[in-house]
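In the working numbering, the protein residues as written are 14 to 154. Built from N, CA and C at the ideal position, the CB exists for glycine as well. In what follows, a structure is listed as structure tokens, so that the remarks can point back to it.
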Amino acid sequence: VLEPSAPSVVQVLQGMFLLDTVEYFCHRAMHMNRRLYGLAHATHHSVPMSAELALYNAAAEAGCTGFLIFLTFAMTDVGYSSFIIVTTLGDIKTVWDHSRYSTHHLQHHVQPDCNYEQPFFDVWDQVLGTKAEEDDRKKRK
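As structure tokens, then:
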């Protein structure tokens with residue numbers, strides 16, 4: 014269970030993929046289920062998208078997603094140091110994504126049924142067909 018060890022590039026990259034996987038599926042589930050959305054995720058979308066409010070979430074979302082992230086890491090060989098590095102980088106990237114420099118996540122706040130990826134890659138959005146560019150929104154109308 015998250016043994017202390019020196020971080021390695023491989024573990025950090027593995028951890029980034031794990032974090033993205035948990036975040037993608039939790040985020041998508043909250044958008045697909047109205048009750049879950051209202052209980053856990055509506056708080057995040059109720060405020061203007063900004064770097065200052067990037068980590069503004071309901072306790073239910075933070076607790077549940079945080080627990081699943083910890084559990085996922087605990088079941089792998091990603092060490093504690095790598096876990097700390099990955100989650101810290103994830104928070105920094107989440108703030109960056111909400112600073113409006115990231116058009117990928119900005120598009121999610123404009124069109125909430127797409128671009129669930131966060132914080133690092135958009136692999137799951139690509140694989141599962143939920144990636145959208147700004148032009149895609151215009152095509153849907």
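So residue i and residue j are in contact, right, with Cβ under 8 Å, and what is the actual spacing, rounded?
i	j	result
H44	D126	7 Å
A53	A73	4 Å
C39	T100	Contact flag wrong, Cβ pair sits at about 14 Å.
Y69	V60	6 Å
L81	V140	No, L81 and V140 are not in contact; Cβ-Cβ is about 20 Å, not under 8 Å.
If you drop the 5 nearest sequence neighbours on each side, which residues of the same chain put their C-beta closer than 7 Å to that of residue i?
i	result
Q98	The amino acid at residue 98 is misidentified as Gln; the sequence shows Ile. Result list for I98: P20 and V25, in chain order.
A64	V108, H111 and S112
E147	T116 and Q120
Using a Cβ-Cβ cutoff of less than 8 Å, which residues in the same chain neighbour residue i once the five nearest sequence positions on both sides are dropped?
i	result
D71	A quick correction: the sequence has Ala, not Asp, at residue 71. Within the same chain, A71 has close Cβ partners L52, A53, H54, A55, T56 and H57.
For residue i, which residues of its own chain have a beta-carbon under 6 Å away from its beta-carbon, when the five flanking residues on both sides are left out?
i	result
R153	Any answer about R153 is weak, because its pLDDT of 49 lies below 50 and its placement is not dependable; what the coordinates show is given next. Answer for R153: no residue qualifies.
S95	P20, Q24, V25 and G28
R150	In this prediction, R150 has a pLDDT of 48, which is less than 50 and means its spatial position is unreliable; nothing more can be read from the coordinates.
L31	T85
M62	H111 and H122
Given a threshold of 16 other Cβ atoms within 10 Å of its Cβ, counted over all protein chains shown, does residue i qualify as buried or as exposed?
i	result
S18	exposed
P132	buried
I105	exposed
G103	buried
N128	buried
**OP:** Could you tell me whether the region 112 to 131 touches the region 83 to 99, where touching means 3 or more Cβ pairs closer than 8 Å?
**Re:** Flag = no, the region 112 to 131 and the region 83 to 99 do not touch.
Original post:
Which runs of the alpha helix (DSSP H) fall wholly inside the region 35 to 122 and span at least 4 residues, in chain order?
Top reply: Counting only runs of 4 or more, we get 55 to 58, 72 to 87 and 93 to 110.
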